[in-house]
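Numbering (UniProt numbering), first residue to last: 1 to 143.
Glycine is no exception: its CB is placed at the ideal position from the N, C-alpha and C atoms.
Just so you know, these numbers come straight off a predicted model, no measurement behind them.
One structure below.
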(Lines of atoms letter the chains of each structure in order from A and count residues from 1; the text may use other names and numbers.)
(Lines give C-alpha, C1' and ligand atoms only; values in the text may rest on other atoms or scores of the structure.)
Protein backbone atom coordinates (compact mmCIF):
# COMPACT_ATOMS: atom_id res chain seq x y z
CA UNK A 1 0.00 0.00 0.00
CA UNK A 2 1.51 3.35 -1.00
CA UNK A 3 2.17 5.88 1.74
CA UNK A 4 -0.31 8.70 1.15
CA UNK A 5 1.30 10.91 3.80
CA UNK A 6 4.76 10.91 2.20
CA UNK A 7 4.16 14.24 0.39
CA UNK A 8 3.32 15.96 3.70
CA UNK A 9 6.46 14.62 5.35
CA UNK A 10 8.51 15.67 2.33
CA UNK A 11 6.99 19.16 2.46
CA UNK A 12 7.99 19.58 6.10
CA UNK A 13 11.47 18.14 5.48
CA UNK A 14 12.20 20.34 2.44
CA UNK A 15 10.66 23.35 4.20
CA UNK A 16 13.01 22.92 7.16
CA UNK A 17 16.01 22.50 4.84
CA UNK A 18 15.01 25.66 2.97
CA UNK A 19 14.63 27.52 6.26
CA UNK A 20 18.10 26.48 7.43
CA UNK A 21 19.65 27.59 4.12
CA UNK A 22 17.75 30.89 4.25
CA UNK A 23 18.90 31.45 7.83
CA UNK A 24 22.56 31.06 6.90
CA UNK A 25 22.29 33.28 3.82
CA UNK A 26 20.15 35.93 5.50
CA UNK A 27 22.33 36.15 8.60
CA UNK A 28 25.47 36.44 6.45
CA UNK A 29 24.07 39.23 4.28
CA UNK A 30 22.40 41.05 7.19
CA UNK A 31 25.52 41.00 9.37
CA UNK A 32 27.65 42.22 6.46
CA UNK A 33 25.20 45.05 5.73
CA UNK A 34 24.06 46.13 9.22
CA UNK A 35 26.23 44.39 11.82
CA UNK A 36 24.67 43.08 15.03
CA UNK A 37 21.28 44.78 14.43
CA UNK A 38 21.16 42.96 11.09
CA UNK A 39 21.81 39.66 12.87
CA UNK A 40 18.90 40.21 15.24
CA UNK A 41 16.58 41.39 12.46
CA UNK A 42 17.41 38.35 10.40
CA UNK A 43 16.94 35.86 13.25
CA UNK A 44 13.62 37.40 14.27
CA UNK A 45 12.50 37.37 10.63
CA UNK A 46 13.36 33.69 10.26
CA UNK A 47 11.45 32.89 13.45
CA UNK A 48 8.35 34.81 12.36
CA UNK A 49 8.24 33.97 8.64
CA UNK A 50 9.61 30.45 8.75
CA UNK A 51 7.78 29.51 11.92
CA UNK A 52 4.50 30.68 10.44
CA UNK A 53 4.75 28.46 7.37
CA UNK A 54 6.39 25.43 8.99
CA UNK A 55 3.77 25.24 11.75
CA UNK A 56 1.02 25.14 9.13
CA UNK A 57 2.68 22.22 7.33
CA UNK A 58 3.25 20.44 10.63
CA UNK A 59 -0.39 21.01 11.63
CA UNK A 60 -1.60 19.47 8.38
CA UNK A 61 0.71 16.47 8.70
CA UNK A 62 -0.20 15.86 12.35
CA UNK A 63 -3.96 15.99 11.73
CA UNK A 64 -4.12 13.64 8.74
CA UNK A 65 -6.18 11.05 10.59
CA UNK A 66 -8.74 13.52 11.98
CA UNK A 67 -12.13 14.17 10.35
CA UNK A 68 -12.13 16.96 7.76
CA UNK A 69 -14.24 19.30 9.91
CA UNK A 70 -11.81 18.95 12.83
CA UNK A 71 -8.83 19.58 10.56
CA UNK A 72 -10.46 22.72 9.20
CA UNK A 73 -11.21 24.00 12.68
CA UNK A 74 -7.69 23.24 13.93
CA UNK A 75 -6.04 24.89 10.94
CA UNK A 76 -8.23 28.00 11.21
CA UNK A 77 -7.66 28.22 14.96
CA UNK A 78 -3.93 27.75 14.49
CA UNK A 79 -3.85 30.43 11.81
CA UNK A 80 -5.66 32.89 14.07
CA UNK A 81 -3.29 32.15 16.96
CA UNK A 82 -0.27 32.63 14.69
CA UNK A 83 -1.66 35.95 13.43
CA UNK A 84 -2.19 37.20 17.00
CA UNK A 85 1.31 36.11 18.04
CA UNK A 86 2.90 37.75 14.97
CA UNK A 87 0.97 40.96 15.63
CA UNK A 88 2.00 41.01 19.30
CA UNK A 89 5.66 40.43 18.40
CA UNK A 90 5.65 43.15 15.73
CA UNK A 91 3.93 45.66 18.03
CA UNK A 92 6.41 44.84 20.81
CA UNK A 93 9.31 45.39 18.38
CA UNK A 94 7.91 48.63 16.96
CA UNK A 95 10.06 50.99 19.07
CA UNK A 96 13.01 48.65 19.71
CA UNK A 97 16.40 49.72 18.42
CA UNK A 98 18.40 46.48 18.74
CA UNK A 99 17.43 45.07 15.31
CA UNK A 100 17.51 46.25 11.70
CA UNK A 101 14.02 46.74 10.26
CA UNK A 102 15.12 46.06 6.68
CA UNK A 103 16.75 42.77 7.67
CA UNK A 104 13.59 41.78 9.53
CA UNK A 105 11.22 42.62 6.67
CA UNK A 106 13.30 41.12 3.90
CA UNK A 107 13.95 37.95 5.88
CA UNK A 108 10.24 37.49 6.63
CA UNK A 109 9.44 37.84 2.92
CA UNK A 110 12.32 35.55 1.99
CA UNK A 111 11.20 32.94 4.53
CA UNK A 112 7.68 32.91 3.17
CA UNK A 113 8.85 32.49 -0.42
CA UNK A 114 11.68 30.01 0.25
CA UNK A 115 9.80 27.78 2.70
CA UNK A 116 6.61 27.68 0.64
CA UNK A 117 8.63 26.97 -2.51
CA UNK A 118 10.57 24.22 -0.75
CA UNK A 119 7.35 22.66 0.54
CA UNK A 120 5.78 22.73 -2.93
CA UNK A 121 8.96 21.14 -4.32
CA UNK A 122 8.74 18.41 -1.67
CA UNK A 123 5.12 17.62 -2.51
CA UNK A 124 5.64 17.66 -6.28
CA UNK A 125 8.83 15.58 -6.11
CA UNK A 126 7.25 12.81 -4.01
CA UNK A 127 5.82 9.97 -6.05
CA UNK A 128 2.54 8.51 -4.79
CA UNK A 129 0.31 6.09 -6.66
CA UNK A 130 -3.11 7.47 -7.51
CA UNK A 131 -4.68 4.00 -7.73
CA UNK A 132 -3.89 1.12 -5.42
CA UNK A 133 -6.18 -1.64 -6.69
CA UNK A 134 -6.21 -3.73 -9.85
CA UNK A 135 -9.08 -3.26 -12.32
CA UNK A 136 -11.91 -5.73 -11.82
CA UNK A 137 -12.80 -8.41 -14.38
CA UNK A 138 -16.47 -7.26 -14.35
CA UNK A 139 -15.55 -3.81 -15.67
CA UNK A 140 -12.99 -3.99 -18.50
CA UNK A 141 -13.06 -0.18 -18.85
CA UNK A 142 -11.49 0.25 -15.39
CA UNK A 143 -7.86 0.91 -16.29
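- For residue 7, the three-state secondary structure derived from DSSP is helix.
- The shortest CA-to-CA distance from residue 83 to any of 55, 18, 62 and 40 is the one to 55.
- In the DSSP assignment, residue 101 falls within the unbroken alpha helix (DSSP H) covering 101-125.
- DSSP places residue 67 in the coil class of the three-state scheme, outside both helix and strand.
- Residue 5 sits close to residue 61, with the two beta carbons spaced by under 8 Å.
- Across the set 31, 80, 67 and 22, the C-alpha of 22 shows the shortest separation from the C-alpha of residue 46.
- 64 is the residue among 39, 64, 20 and 77 whose C-alpha sits nearest the C-alpha of residue 3.
- With contacts defined as CB atoms closer than 8 Å, residue 50 and residue 19 qualify as a contacting pair.
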